[in-house]
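In the working numbering, the protein residues as written are 1 to 326.
Backbone N, C-alpha and C fix where the C-beta goes; we use that ideal spot for every residue, glycine too.
Keep in mind it's a predicted model, so treat the numbers as computed, not measured.
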Ligand code: DGY
């Protein structure tokens, strides 16, 4: 029996890629940049399965061009690149990689928080660029982390992991979420507040909401105005959750202290973007899940989801199990 046809839209860690290559007739897009839309459509038209990244838009147009497509496995927990209802209508299974990247992502969010608060990158540049001439009583003063208030927007898996880290630093924890989290409240002492209270009371605001029409520009000019002048904004969720130009204006005017961004809008942020000119904007290129071990686990998980779907089984991390019986 011939093996299923698969298109893998980028080289992923070997632990997952090997499984896909062994068990399917796979083509791997080897470029550093994502396949152009026309290439993705062309390969999808022949594919039984796709292993995709968050940079690949999997929408109704693509699905209609892919008559054999059974399963699309995202190498990410976020799936705002997927049109899940369109896939369900067509009986195509969609999967993601939840859980394995929770702590790694929270580690990076906390690293950004600390780096912004204590001005680590500015200090590195100061020393490296030959400005360090003596011990300075006023030099590169930042914000205390211990004892400060952390406001978490979105208390899902990653928001909760962020709260756990904050406990170790003796922080007061506030959260805003449509759902109450008993774990956050009972185990971590977090207090549920509305969005306005979160913004007004927090010294650090960390975003952990998925990107939906409701959360687009969750942080806009009005939200930034509600934040404290010493506040630091951390975004490891999705770029469009923050209005980039409003953030630029707020940082430039020192209306808030700093921002640490793993994700941006647009993404990638062009090299000539004004946000890069600000010392109080710390931007890294969407690397929150990028530890060797976590990326390997994500690859394995995406491969297992893909192979299960191709074998006619319900994938372990199926986003639309209702498509299974179609
Ligand atoms: C995700 O998985 O959604 C992250 O943004 C990348 O790991």
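Rounded separation between residue 299 and residue 177 - CA only: 30 Å
Classification of residue 268 by the beta-carbon crowding that lies within 10 angstroms, buried from 16 upward: exposed
Distance CB(residue 158)-CB(residue 115) smaller than 7 Å: no
Rounded separation between residue 229 and residue 265 - CA only: 23 Å
The region 128-139 touching the region 173-187, judged by at least three CB pairs closer than 8 Å: no
Residue 305: first and last residue of the uninterrupted alpha helix (DSSP H) it sits in: 292-310
Helix, strand or coil at residue 206 [DSSP, three-state]: Three-state DSSP puts residue 206 in a strand.
Close Cβ partners of residue 76 (< 7 Å) along its chain, the five nearest in sequence each way excluded: By the criterion of a C-beta distance shorter than 7 Å, residue 76 is surrounded in its chain by 53, 54, 96 and 97, once the five residues flanking it on both sides are discounted.
Three-state class that DSSP yields for residue 107 in the structure shown: helix
Residue 10, DSSP secondary structure in three states: coil
Distance between residue 203 and residue 224 (C-alpha atoms, nearest Å): 12 Å
Residue 286 burial status per 10 Å Cβ neighbour count (16 or more: buried): buried
Inside the region 97-156 only - beta strand (DSSP E) runs reaching at least 3 residues: 149-153
As assigned by DSSP and simplified to three states, the class of residue 158: helix
Proximity to residue 122 [Cα-Cα], best of 321, 278, 208 and 174: 278
Proximity of residue 48 and residue 68 at Cβ, strictly below 7 Å: Yes.
Those residues, in chain order, that have a beta-carbon closer than 5 Å to some heavy atom of ligand 1: In chain order, the residues positioned with their C-beta nearer than 5 Å to some heavy atom of ligand 1 are 76, 77, 78 and 289.
Residues near residue 162 in its chain [Cβ-Cβ closer than 7 Å; skip 5 each side]: Closer than 7 Å at the Cβ level, and outside the excluded window around residue 162, lie 106, 109, 110, 152, 206 and 208.
Closest Cα partner of residue 26 within the set 274, 6 and 244: 6
Cross-strand partners of residue 260 (DSSP beta bridge): 234 and 282
Cα-Cα separation between residue 93 and residue 168, rounded to whole angstroms: For residue 93 and residue 168, the distance between alpha carbons rounds to 40 Å.
Whether residue 234 touches residue 258 by CB criterion (7 Å): no
Where residue 289 falls, given that 16 or more other Cβ within 10 Å makes a residue buried: buried
Enclosing alpha helix (DSSP H) for residue 248 [first to last residue]: Where residue 248 is concerned, the enclosing alpha helix (DSSP H) stretches over 244-252.
Meets three-Cβ-pair contact criterion under 8 Å: the region 310-317 and the region 245-262: With the cut-off at 8 Å, the region 310-317 and the region 245-262 do not touch.
Cross-strand partners of residue 192 (DSSP beta bridge): 175
Residue closest to residue 275, alpha-carbon to alpha-carbon, out of 292, 302, 293 and 246: It is 246.
Whole-angstrom distance between residue 250 and residue 273, CA atom to CA atom: 15 Å
One or two residues paired with residue 226 in a DSSP bridge: In the DSSP output, where bridge partners are listed per residue, residue 226 has none listed.
Contacts around residue 291, its chain only, beta-carbon distance under 6 Å, and the 5 residues preceding and following it disregarded: The answer, listed in chain order, is 104.
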